[in-house]
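K.L.:
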């Protein structure tokens with residue numbers, strides 16, 4: 026492995042570890058427990074799961090690694106806060122969507138060369154990217170990894 | 026910048042962003058609010074702040090970037106769970122320790138070359154590192170970054 030490959034490998038390893046920890050927290054909760062709020066007046070775990078799934082599903086386009094799988098989740102879990110709309114899908118279906126989205130993203134990341142990691146994401150223009158090449162896919166994946174960790178800290182409180 | 030430098034830069038940027046978000050959550054809480062538990066029966070924010078400070082203080086030795094600043098925090102915040110010992114320092118002092126530790130670590134990370142990021146951490150032997158070179162400083166910093174994000178998710182619930 027080259028040094029560059031070790032860097033990409035570390036980002037991938039961190040993504041897998043953190044998503045795996047959320048998976049573990051999720052596996053320890055029943056569908057009924059997913060209806061609990063993480064704190065009084067705060068989001069239900071069901072909503073957090075939907076939110077993370079929708080945010081990750083948007084990575085397909087943002088990182089240009091394929092078509093998204095669940096655009097139907099945006100309305101309930103991104104455009105609106107918890108409690109606004111009726112729950113759009115049963116918890117079991119949401120769990121499957123979460124696993125499916127992450128499995129496909131992880132498979133895409135596993136194929137990334139160092140140049141792929143450092144390529145621009147699709148929300149930055151070529152012109153802007155030339156001025157600021159830190160707006161790359163790697164920065165997006167590190168950011169989403171922290172985002173999952175943030176919500177895992179909340180999910181473990183509901184056990 | 027070389028590709029390798031962009032990789033190290035992304036890890037540093039992620040560390041700064043995530044620590045900055047915990048700082049922000051912390052700045053919005055009074056010392057009295059730090060005594061709140063993040064959920065019924067769970068840790069107080071005061072304890073989480075002490076825990077993160079002690080864990081980060083241990084990075085100096087783990088990453089071989091200088092002497093640690095606050096070994097006195099380990100007993101209360103690493104060896105024992107919340108509520109076991111009397112609070113060892115006032116909240117204001119803990120806030121200062123947290124800022125000081127992170128400022129020094131960040132300054133050290135800013136000087137890391139790509140080879141520095143990929144060098145072994147001190148808890149792995151040269152022999153074991155030769156077998157598994159992913160046990161490097163970069164992996165440690167990415168792991169601690171996720172750890173801060175995890176607890177930030179809890180800290181924001183206490184507002």
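Residue numbers (the working numbering), protein chains in the order written: chain E, 26 to 184; chain V, 26 to 184.
Beta carbons are placed, not taken as given, at the ideal position from N, Cα and C, and that holds for glycine.
Compare the Cα-Cα distances from residue 118 of chain V to each of V:153, V:106, V:98 and report the closest residue.
P.N.:
Among V:153, V:106, V:98, the Cα nearest to that of residue 118 of chain V belongs to V:98.
K.L.:
What residues from the stretch 72-84 of chain E come within 9 Å of chain V, judged by C-beta to C-beta, listed N to C?
P.N.:
Cβ contacts with chain V come from no residue of the stretch 72-84 of chain E.
K.L.:
Closer than 7 Å by C-beta to residue 137 of chain E: which residues in its own chain qualify, once you throw out the five before and the five after it? Chain order, please.
P.N.:
Correct list, in chain order: 33.
K.L.:
Please confirm whether residue 146 of chain E and residue 87 of chain E have their CB atoms less than 9 Å apart.
P.N.:
Contact flag set, yes.
K.L.:
Take the Cβ of residue 121 of chain V as the centre, count every other Cβ of all protein chains shown within 10 Å, and call the residue buried at 16 or more, exposed below.
P.N.:
Classification for residue 121 of chain V: exposed.
K.L.:
Could you give the C-beta distance for residue 182 of chain E and residue 179 of chain V, rounded to a whole number, given that I count them as a contact under 8 Å?
P.N.:
Contact holds; Cβ gap of about 7 Å.
K.L.:
So the alpha helix (DSSP H) residue 73 of chain V belongs to, where does it begin and stop?
P.N.:
Taken as a continuous stretch (DSSP letters only), the alpha helix (DSSP H) holding residue 73 of chain V covers 70-82.
K.L.:
For a contact defined as C-beta to C-beta under 9 Å, what are the partners of residue 137 of chain V on chain E?
P.N.:
Those do not exist, as residue 137 of chain V stays about 12 Å from chain E at its closest Cβ, beyond 9 Å.
K.L.:
Do you know how far the Cα of residue 92 of chain E is from the Cα of residue 83 of chain V?
P.N.:
Distance between the alpha carbons of residue 83 of chain V and residue 92 of chain E is about 43 Å.
K.L.:
Might you give, ordered along the chain, the residues of its own chain that have their beta carbon closer than 8 Å to the beta carbon of residue 74 of chain V, omitting 5 neighbours on each side?
P.N.:
51, 59, 116, 119, 120, 123.
K.L.:
Going along chain V in order, which residues have a C-beta closer than 8 Å to the C-beta of residue 67 of chain E?
P.N.:
Within chain V, the residues near residue 67 of chain E are 182.
K.L.:
According to DSSP, simplified to helix, strand and coil, what is residue 161 of chain V?
P.N.:
Strand.
K.L.:
Within 8 Å, do at least three Cβ pairs link the stretch 34-45 of chain V to the stretch 63-74 of chain V?
P.N.:
At 8 Å Cβ cutoff, the stretches do not touch.
K.L.:
At the 9 Å Cβ level, is residue 105 of chain V part of the contact set with chain E, yes or no?
P.N.:
Closer than 9 Å: no.
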